[in-house]
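Enquirer:
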Amino acid sequence: MQALSWPERKAAAMDDRREIDRLYQLEYGVPAEITFRFAAIAAAGIALNLYTGWRLAWAWLGIFFVLHGLYYLYLTSRGPEVKRHETVLAGLMFLVLMSSYIWLPGLLVLQDDEALRISGGAGLASLFVYLILRADSMLFVVLGQIAIVAFTVILTLVETYARIDSMLARVVMTICALGMVGYLAGTILVVRRRRLQAEEAARRSVQAQKMEAIGQLTGGLAHDFNNILTAVLGNLDLYDEIDTRQEKDECVANARQAGRRAADLVRKMLAYSRRDTLNKSVFAVGDFLDGLTRMSRRLIPESVRIELRCADPALRIEADEEQLMTAIINLMINARDAMPGGGRMVLDCRMRTIEAPRSLPDGSDLPPGRYVSISVSDTGTGIAEDIRDRVVEPFFTTKPVGQGSGLGLSMVAGFARQMGGGLDIRSSPGGAIVSILLPLRAA
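Numbering-wise, numbering that gives the first Met the number 0 puts 123 at position 124 of the sequence shown, and it's gapless, one number per residue.
1) Report yes if the CB atom of D15 is closer than 8 Å to the CB atom of V81, and no otherwise.
2) For the stretch 23-99, list the alpha helix (DSSP H) runs that are entirely contained and at least 4 residues long, ordered along the chain.
3) Thinking C-alpha only, which one of R308, A221, Q245 and L298 is nearest V265?
4) Whose C-beta lies closer than 7 Å to the C-beta of V411 among residues of the same chain, with five residues either side of it excluded?
5) Are there 16 or more other CB atoms within 10 angstroms of the CB of Q110, so buried, or fewer, so exposed?
6) Here's the rule I'm using: 16 or more other beta-carbon atoms within 10 Å means buried, otherwise exposed. How should S280 be labelled?
7) Identify the residues that DSSP records as bridge partners of I19: which are they?
8) By Cβ distance, which residues of its chain are closer than 7 Å to L115, with the 5 residues on each side in sequence left out?
9) Along the beta strand (DSSP E) that carries L437, what are the first and last residues, could you check?
10) Leaving out five residues on either side along the sequence, give the residues of the same chain with a beta carbon under 8 Å from the beta carbon of G440.
11) Taking three-plus beta-carbon pairs below 8 Å as touching, is the stretch 337-356 in contact with the stretch 367-378?
12) Using the three-state DSSP reduction, which class does D135 fall into: helix, strand or coil?
13) Can you name the start and end residues of the beta strand (DSSP E) that L314 belongs to?
14) For a minimum of 3 consecutive residues, which ranges assigned as the beta strand (DSSP E) are wholly contained in the stretch 279-356?
15) Please tell me whether Y443 and Y71 are closer than 8 Å, where the distance is taken between their beta carbons.
16) So, with DSSP's three-state summary, where would you put S409?
17) Quick check: the Cα distance between M294 and E321, rounded to an integer number of angstroms?
18) Checking 8 Å against the spacing of the C-beta atoms, do G368 and A431 come in under that value?
19) Which residue comes first and which comes last in the beta strand (DSSP E) that contains G368?
20) With a threshold of 7 Å (Cβ to nearest heavy atom), would M331 be considered close to the ligand ATP?
21) Would you mind working out which of P312, R335, M324 and D336 sits nearest M350, comparing C-alpha positions?
22) Excluding the 5 residues preceding and the 5 following V190 in the sequence, name in chain order all residues of the same chain whose CB lies nearer than 6 Å to its CB.
23) With a 10 Å radius around its C-beta and 16 neighbouring C-beta atoms as the bar for buried, classify V391 as buried or exposed.
24) Could you tell me which of G185, T186 and T159 sits nearest to T173, measuring between CA atoms?
25) Can you name the start and end residues of the beta strand (DSSP E) that G421 belongs to?
26) If we ignore side chains and look at the alpha-carbon of each, how far apart do D289 and L307 end up?
27) Quick check: the stretch 93-101 against the stretch 54-68, are there 3 or more CB pairs under 8 Å?
28) DSSP on S125, reduced to helix/strand/coil?
29) For L142, which residues in the same chain have their Cβ closer than 8 Å to its Cβ, ignoring the five residues on either side in sequence?
30) Count the other CB atoms, across all protein chains shown, that sit within 10 Å of the CB of D248; report buried if there are 16 or more and exposed otherwise.
31) I'd like the list of long-range same chain contacts for M137, defined as Cβ closer than 6 Å, with 5 residues on each side in sequence excluded.
32) Have a look at E354 and L188 and give me their C-alpha separation to the nearest angstrom.
33) Can you tell me which of G420, P356, S426 and G362 puts its alpha carbon nearest to the alpha carbon of L22?
34) Rounded to whole angstroms, what's the CA-CA distance from R8 to Q24? Just pull it up for me.
35) According to the Cβ coordinates, are E18 and T86 closer than 8 Å?
36) Among residues of its own chain, excluding the 5 on either side of L408, which ones have a beta-carbon nearer than 6 Å to its beta-carbon?
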């Protein structure tokens, strides 16, 4: 096996919080898989006890599930900032958990009963497949997994030698067993290497996109501020050249209006960068959305039907009401513009439980927890797949020149992040659903 190259070593230098999230996803991220896995192990232990009368089966089940419970509690109790020693301890805990599982299948393959030998072999094979899929980041964990498997196989060989008189049979059995361990070790290391390389490539791609976004942001800001300054300076220059009071007042009014546009642009950028001053308060979503819906009627043409659906109007959040209102109106205007011929717009609120960290379109991760989802959906053409990942970039817009600054969704995403939530986007040919997810506040 070749040593990790520099990019792979760099990839192996983990983000510890992300690694803890990855370990959680591997073990508990897919409810159907974990339910099947635990049910199969429990059924196997119970069946073994009924078939053999071994109390060891109950001990095996008890130790395995207790250790799994401790492992689950450890992973879910880590805070936002995870230290390296916490990640290392998580790796050690998995090795202990793996050891608590493998000893019984290893014992079964030594039995004279053919049913027990086949069951033990199936248990070991399932573990081997699982280890390949894990492709752990920490090298000591991977080497520990290989060592545990090798130790189990060697013990099995030693116990089996006493039952076999033929030296040739012993040699063949040894070659096959050690070959299996070597092949398993090589496969685990190759899969790990490929995963690290893929993560490094993804990191580079994200960095390139960030640099592109910075360039786009700088260019957009320069363009918008240049237009504003042109309006301000042009009106001030014109003020010195005209004589009538009315015309002078118009110049001042135009310059003042341009100044307000500049202030609005700065406010949006502060929201995007999460540095805007917030006036948070706790309030019920139902009454807030009801008032917002009535107020926004004048912004939406009669050809667009607005529906308000709130599963639980008493749901409470802590947020800046004014900025939340601005964010939702932005989403409603986008939905309106997506239906020039008319259609249906639905403003929906409900509680959503996020079981595992969820990646969002702006590249951030939404932590597990309970959230209030405020969604705006339309019956337009949806968002094209090739631009879906770019719609939250600052100054990216699909509207004609002069009809949109491209700060709408990026501002909404920035506000949602500042509130401890995020912005989620789902789209299909029949329309789009854009959701602001904000942490649920207990009553």
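The beta carbon of each residue, even a glycine, is placed where N, CA and C say it ideally should be.
Expert: Checking against the coordinates, here is how it stands:
1) yes
2) 30-51 and 55-75
3) Among R308, A221, Q245 and L298, the Cα nearest to that of V265 belongs to A221.
4) A326, N329, L330, L422 and I435
5) exposed
6) exposed
7) Per DSSP, none; premise fails for I19.
8) L107
9) Where L437 is concerned, the enclosing beta strand (DSSP E) stretches over G430 to R440.
10) The amino acid at residue 440 is misidentified as Gly; the sequence shows Arg. If we look at R440 and ignore the five residues flanking it on each side, its Cβ neighbours are V281, R315, I316 and E317.
11) yes
12) In the structure shown, D135 sits in coil (DSSP, three-state: anything other than H, G, I, E or B).
13) Here L314 belongs to no beta strand (DSSP E), and DSSP marks it neither H nor E.
14) 279-283, 303-309, 315-319 and 342-353
15) The requested residue 443 is not part of the displayed model; the chain covers only 0 to 442.
16) helix
17) Cα to Cα, the separation comes out at about 13 Å.
18) no
19) G368 to S376
20) No copy of the ligand ATP appears in this structure; indeed no ligand is present at all.
21) P312
22) Hits under 6 Å: I131 and A134.
23) buried
24) T159
25) G421 to S427
26) Rounded to the nearest angstrom, the two C-alpha atoms are 8 Å apart.
27) yes
28) helix
29) none
30) Burial call: exposed.
31) G90
32) Rounded to whole angstroms, the separation of the alpha carbons of L188 and E354 is 30 Å.
33) P356
34) Confidence in R8 is poor, its pLDDT being 47 and thus under 50, which makes the residue's placement unreliable; the coordinate value appears in the next sentence. Approximately 23 Å, taken between the alpha carbons.
35) Taking 8 Å as the cut-off, the beta carbon of E18 is found closer than this to the beta carbon of T86.
36) V390 and V391
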